[in-house]
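S.K.: Counting in numbering that gives the first Met the number 0, the sequence shown runs from 0 upward without gaps. Got a structure here, written out as C-alpha cells. Questions coming.
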Amino acid sequence: MVIRETREPLYRVDNRGPDQLKETGFLAKDIHDADLDQHLGAGNRAFVSTSRNPAMPWRGRFQYELDLEGGIDADRTVGSELYGGHQQEVAIPGGFPYKHVRRFRVMLNEEAVGNGEAAPKYGPWHDNPDYEPP
Numbered sequence: 000m001v002i003r004e005t006r007e008p009l010y011r012v013d014n015r016g017p018d019q020l021k022e023t024g025f026l027a028k029d030i031h032d033a034d035l036d037q038h039l040g041a042g043n044r045a046f047v048s049t050s051r052n053p054a055m056p057w058r059g060r061f062q063y064e065l066d067l068e069g070g071i072d073a074d075r076t077v078g079s080e081l082y083g084g085h086q087q088e089v090a091i092p093g094g095f096p097y098k099h100v101r102r103f104r105v106m107l108n109e110e111a112v113g114n115g116e117a118a119p120k121y122g123p124w125h126d127n128p129d130y131e132p133p
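Here is the structure:
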C-alpha cells in the first residue's frame with residue numbers, strides 16, 4: 000500500500016450539497032470492507048474516492064476541493080492499468096469531515112456529463128466558511 004505524501008488539493012464530485020455534508024461529512028459506506036481492489040472496481044467500500052484531477056468527468060451536482068493529508072495512492076498501490084487509472088484516485092480510509100473542504104462549486108451541465116456527452120462545466124468557486132486545515 001502506497002500512502003500519498005504530497006499535499007496537492009484533492010477533488011470529489013457528489014450529489015450532496017454543503018448543508019448536508021456539514022452534518023455528516025464524507026463517510027465511507029462500509030468501514031468493515033477494506034478491500035481496496037473491490038473499492039476500485041465497484042466503489043462503496045471502506046474508502047471515500049477523491050482525485051488529484053479537477054477535470055474528472057464524474058456526474059454529480061457539486062465539486063469539492065479538499066485539503067487532506069495522506070490517503071492511499073491507488074495508481075501506485077494497484078497499478079493504474081488495472082482499473083483505468085486515469086482517475087488519479089486517492090482513496091481516503093473511513094472518510095473525512097466537511098471542515099476539510101476548502102471550497103466548492105456547482106456543476107452546470109450534470110446531465111450531459113452523466114450521459115458521456117460533455118466535459119464538466121462549473122460555476123464559480125465558493126469558499127467554505129467552516130474550512131479548517133488538517
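For glycine and all other residues, C-beta sits at the position ideal for the given N, C-alpha and C.
Could you check what DSSP says for A90 in three-state terms: helix, strand or coil?
M.R.: strand
S.K.: Please tell me whether F61 and D13 are closer than 8 Å, where the distance is taken between their beta carbons.
M.R.: yes
S.K.: For E88, does the count of other Cβ atoms within 10 angstroms reach 16, so buried, or fall short, so exposed?
M.R.: buried
S.K.: Using only alpha-carbon positions, find the residue among K28, V1, A117 and V100 that is nearest to P132.
M.R.: V100
S.K.: One question on the structure: do F103 and N127 come within less than 8 Å of each other, judged by their Cβ atoms?
M.R.: Yes. Within cutoff.
S.K.: Tell me which same chain residues have a C-beta within less than 6 Å of the C-beta of G59, skipping the five on either side of it?
M.R.: Within the same chain, G59 has close Cβ partners V12, D13 and N14.
S.K.: Tell whether a beta-carbon distance below 8 Å holds between L65 and Y10.
M.R.: yes
S.K.: Around the Cβ of M106, are there at least 16 other Cβ atoms within 10 angstroms (buried) or fewer (exposed)?
M.R.: buried
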